[in-house]
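> Just passing along the structure, written as structure tokens.
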Amino acid sequence: MEQPWPDSAQSRVFLVIPSFNEGTVLSATIGGLVPYGYSMVVVDDASNDGTSEILKNLPVHYLRHPVNLGQGAALQTGMDYALAQGAEYLVHFDADGQHPPERIAALLEPLRSGACDVAVGSRFLDPASINLIPRGRKILLRGAVLISGLLTNVWLSDAHNGFRAMTRAAAQKIRFHENGFAHATEFLDEVRRAHLRVQEVSVAVRYTEYSRAKGQAASNSLNILIDVLLRKVL
Amino acid sequence: MIPIQAILVVLLILIGGTSLATSSRLASRLAVLGLLSLAVLFVVSPDLTTRLAHLVGVGRGTDLLLYMFCLASIAVFLKLYKKNRAVEEKLTEVARQVALRGAREPERQR
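Chains as they are written, first to last, in our numbering: chain A, 2 to 235; chain B, -17 to 92.
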């Protein structure tokens, strides 16, 4: 395995993994991450599937919301914790294993070189990776790019990719107030507000049966859009 | 005074009195008193609303009241939405602090 940085540097990279009732798949995801030596923060958003027990013997920092708040809130809690632990780089990582662990290094690369403050994974940079995306999903994501771009004026090829990395300084400037899934758009809003430099990194997403079943239903997108709009207006 | 007027005036005074008791800020108390007097005035002399309606080009006083009622409902909805948002943010902060304090570190695991 590629290990371009010493172990201590790896452990100052904190993966923030929000999870809600995904204990089983999460433990598999964590299993795949352990060899890389990153620090992992799991924020259990008040799951009732025994996530706490399932993760007991795994080398992760485990936090639990006493009530379910939403993915955006869980990410923020994890970021607060990671910053307090002295994280140098923070990475948002999905519990369901749709993000390839080997691409974390690629995401961190432009941060380490100082090329940008925030690196966001994109499914739309590599033609081969675009073909992996189910068709309906593709249309939805393109729509999201357009809406996010119009609302935040940050134009990316893949606005709603949850695989993101940022420097400590950038993480300190970003604050999620959107508890639910509208945080993806809010993230871009925060990036623009704080004048952070963004770069996209090509990352193929693994669409497993599990992630398809769990992933945000198309109908939910409308709901998220309303959240986003309300936030803009009010 | 016809019976319905008497009923409405009594109810208005009861409702007004309750909201005066629940709010402690002077500004909102004055607003309640103002609205209450206006409501009683409209109940006692309904022609007043019709005359007001004609002033702004609306046919009937009841229509004018309906429009006002709609606007007020929307304003109340927005206010409640904002308030709910604020409560949610506080809840989030509390839950976050609970989570941060109860964090389980890798070393401490069995």
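Glycine included, C-beta positions come from ideal geometry on N, C-alpha and C.
With distances taken from CA atoms, which of A:204, A:76 and A:61 is nearest residue 32 (chain A)?
Taking the first residue of the first sequence as 1, we reach residue 32 (chain A) at position 31. Nearest C-alpha to residue 32 (chain A): A:61.
> Which runs of the alpha helix (DSSP H) fall wholly inside the stretch 9 to 59 of chain B and span at least 4 residues, in chain order?
Runs of the alpha helix (DSSP H) lying entirely within the stretch 9 to 59 of chain B and spanning at least 4 residues, in chain order: 29 to 37.
> Taking the runs of the beta strand (DSSP E) that are 3 residues or longer, which of them lie wholly in the stretch 51 to 83 of chain A?
62 to 65
> Could you tell me whether the stretch 102 to 114 of chain A touches the stretch 136 to 148 of chain A, where touching means 3 or more Cβ pairs closer than 8 angstroms?
no
> Assign residue 201 (chain A) to one of three DSSP states: helix, strand, or coil.
Locating residue 201 (chain A) in the first sequence gives position 200, where the first residue counts as 1. Strand.
> Is it buried or exposed for residue 36 (chain B), if we count other Cβ within 10 angstroms and need 16 for buried?
Counting from one through the second sequence, the residue named residue 36 (chain B) turns up at place 54. By the 16-neighbour rule on beta-carbons within 10 angstroms, residue 36 (chain B) is exposed.
> With distances taken from CA atoms, which of B:-6, B:83 and B:32 is nearest residue 96 (chain B)?
Not covered by the structure: residue 96 (chain B). The range shown for chain B is -17 to 92.
> Roughly how many whole angstroms lie between the Cα atoms of residue 17 (chain A) and residue 63 (chain B)?
Working through the first sequence from its first residue, we reach residue 17 (chain A) at position 16. Working through the second sequence from its first residue, we reach residue 63 (chain B) at position 81. Taking the straight line joining both Cα atoms gives about 30 angstroms.
> Under a three-way DSSP split, which group does residue 16 (chain A) fall into?
Within the first sequence, the letter at position 15 stands for residue 16 (chain A). Note: residue 16 (chain A) maps to strand in three-state DSSP.
> Tell me the start and end of each unbroken alpha helix (DSSP H) in the stretch 125 to 163 of chain A that is at least 4 residues and wholly inside, in chain order.
Listed in chain order, the complete alpha helix (DSSP H) runs (minimum 4 residues) inside the stretch 125 to 163 of chain A are 128 to 131 and 136 to 153.
> At a CB distance below 8 angstroms, what residues from the stretch 69 to 87 of chain B approach chain A? Give them in sequence order.
Those residues of the stretch 69 to 87 of chain B placed with their C-beta closer than 8 angstroms to a C-beta in chain A are 70, 71, 73, 74, 77, 78, 80, 81, 82, 84, 85, 86 and 87, ordered along the chain.
> Determine, using beta carbons only, whether residue 127 (chain A) and residue 205 (chain A) come nearer to each other than 8 angstroms.
Mapped onto the first sequence, residue 127 (chain A) falls at position 126. Mapped onto the first sequence, residue 205 (chain A) falls at position 204. It is a contact, given that the beta carbons lie within the stated cut-off.
> When you compare each of A:202, A:51, A:178 and A:227 to residue 100 (chain A) by their alpha carbons, which one comes out closest?
In the first sequence, counting from the first residue as 1, residue 100 (chain A) sits at position 99. Closest option to residue 100 (chain A), Cα to Cα, is A:202.
> Look at the alpha carbon of residue 66 (chain A) and the alpha carbon of residue 161 (chain A), and state the distance between them as a whole number of angstroms.
The residue labelled residue 66 (chain A) in the question sits at position 65 within the first sequence. The residue labelled residue 161 (chain A) in the question sits at position 160 within the first sequence. Answer to the nearest angstrom: the Cα atoms are 24 angstroms apart.
> Are there 16 or more other CB atoms within 10 angstroms of the CB of residue 242 (chain A), so buried, or fewer, so exposed?
Residue 242 (chain A) lies beyond the range of chain A shown here (2 to 235); nothing can be said about it.
> What residue from A:150, A:10, A:157 and A:186 has the CA that sits closest to residue 125 (chain A)'s CA?
For the purposes of this step, residue 125 (chain A) is taken as the residue at position 124 of the first sequence. Comparing Cα positions, the closest option is A:157.
> Who pairs with residue 1 (chain A) in a beta bridge, going by DSSP?
In the structure as shown, chain A starts at 2 and stops at 235, and residue 1 (chain A) therefore has no counterpart that could be examined.
> Give the straight-line distance between the Cα atoms of residue 95 (chain A) and residue 163 (chain A), rounded to the nearest whole angstrom.
Stepping through the first sequence from its first residue, residue 95 (chain A) is reached at position 94. Stepping through the first sequence from its first residue, residue 163 (chain A) is reached at position 162. The alpha-carbon of residue 95 (chain A) is positioned some 7 angstroms away from that of residue 163 (chain A).
> Inspect the beta-carbon positions of residue 121 (chain A) and residue 165 (chain A) and report whether they are closer than 8 angstroms.
To locate residue 121 (chain A), count along the first sequence from 1; it is residue 120. To locate residue 165 (chain A), count along the first sequence from 1; it is residue 164. The answer is yes: Cβ separation under 8 angstroms.
> What is the rounded straight-line gap between the Cα of residue 225 (chain A) and the Cα of residue 151 (chain A)?
Within the first sequence, the letter at position 224 stands for residue 225 (chain A). Within the first sequence, the letter at position 150 stands for residue 151 (chain A). Cα-Cα distance, rounded: 15 angstroms.
> Please tell me whether residue 64 (chain A) has its Cβ less than 8 angstroms away from any Cβ of chain B.
The residue given as residue 64 (chain A) occupies position 63 in the first sequence. So, interface residue.
> Going by C-alpha distance, which of A:175, A:179, A:182 and A:183 is nearest residue 193 (chain A)?
Numbered from 1 along the first sequence, position 192 holds the residue referred to as residue 193 (chain A). Residue A:175 is the option with its Cα nearest to residue 193 (chain A).
> Determine, using beta carbons only, whether residue 13 (chain A) and residue 87 (chain A) come nearer to each other than 8 angstroms.
As a position in the first sequence, residue 13 (chain A) is number 12, starting the count at 1. As a position in the first sequence, residue 87 (chain A) is number 86, starting the count at 1. A contact, by the Cβ cut-off of 8 angstroms.
> When you compare each of B:15, B:33 and B:11 to residue 43 (chain B) by their alpha carbons, which one comes out closest?
As a working note, residue 43 (chain B) is residue 61 in the second sequence. The candidate whose alpha carbon is nearest that of residue 43 (chain B) is B:33.
> Cβ of residue 226 (chain A) less than 8 angstroms from any chain B Cβ?
Locating residue 226 (chain A) in the first sequence gives position 225, counting from the first residue. When Cβ-Cβ separations below 8 angstroms define contact, residue 226 (chain A) makes no contact with chain B.
> Which first and last residues belong to the alpha helix (DSSP H) in which residue 107 (chain A) is found?
Here residue 107 (chain A) corresponds to residue number 106 of the first sequence, with the count starting at 1. Per DSSP, residue 107 (chain A) belongs to the alpha helix (DSSP H) from 105 to 113.
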